[in-house]
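**Q** Residue numbers (my numbering): 2 to 142.
All residues carry an ideal CB built from backbone N, CA and C; glycine is no exception.
It should be emphasised that the depicted structure is a prediction, and the values quoted were computed from it without experimental measurement.
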């Protein structure tokens, strides 16, 4: 059953010798349990710079998969200690990115939960920094 939820999202990207860039967002979305995992979906906004994109976190027992569709297409797989390559497809072209998660914590129940990710990202084989991503999910009253 699909359920309406409120999402509190905090993302922080750190580059060497620079202050972290932090984005915080409070938005509405949905969560649904299907095929042995949870789908948490929301629409991006101007705040994230991804307006026109639908983001879905697929939470499975051993990994989290982030899918983005719309103005850009990407799929990122977060699995502790396992690097994953993917294409980040935008209007003007595609970039090869590699994700290497150092922390993947999830606690999802029918009333909500949390996703906590820390990962290194390489873009076209160049180190692009470390990203911390925290998502709190709670059922809408």
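Measuring only the C-alpha atoms, how far is residue 36 from residue 131?
**A** Using only the alpha carbons, I get a separation of about 31 Å.
**Q** Just checking my contact of residue 60 with residue 118 at CB under 8 Å: how many whole Å lie between their CB atoms?
**A** The Cβ separation is near 11 Å, so there is no contact.
**Q** Roughly how many angstroms lie between the CA atoms of residue 40 and residue 116, to the nearest whole one?
**A** Those two C-alpha atoms are separated by around 12 Å.
**Q** Please report the straight-line C-alpha distance between residue 125 and residue 30, rounded to a whole angstrom.
**A** Cα to Cα, the separation comes out at about 32 Å.
**Q** Who does residue 9 pair with in a DSSP beta bridge?
**A** Looking at the DSSP assignment, residue 9 forms a beta bridge with 27, 137.
**Q** For residue 69, I'd like the list of residues in its chain whose CB is within less than 6 Å of its CB, leaving aside the five on either flank, ordered along the chain.
**A** Correct list, in chain order: 54, 56, 75.
**Q** Figure out for me which residue from 8, 3, 2 has the closest Cα to the Cα of residue 114.
**A** If we check each option's Cα against that of residue 114, 8 comes out closest.
**Q** Is DSSP giving residue 17 helix, strand or coil here?
**A** In the structure shown, residue 17 sits in coil (DSSP, three-state: anything other than H, G, I, E or B).
**Q** In angstroms, rounded to a whole number, what distance separates the CA positions of residue 78 and residue 67?
**A** In a straight line, the C-alpha of residue 78 is about 6 Å away from that of residue 67.
**Q** Can you tell me which of the three DSSP states residue 45 falls into?
**A** Three-state DSSP puts residue 45 in coil, outside helix and strand.
**Q** Got a sec: is the Cβ-Cβ distance from residue 39 to anything in chain D below 7 Å?
**A** The question asks about chain D, but that chain is absent: this structure has only one protein chain.
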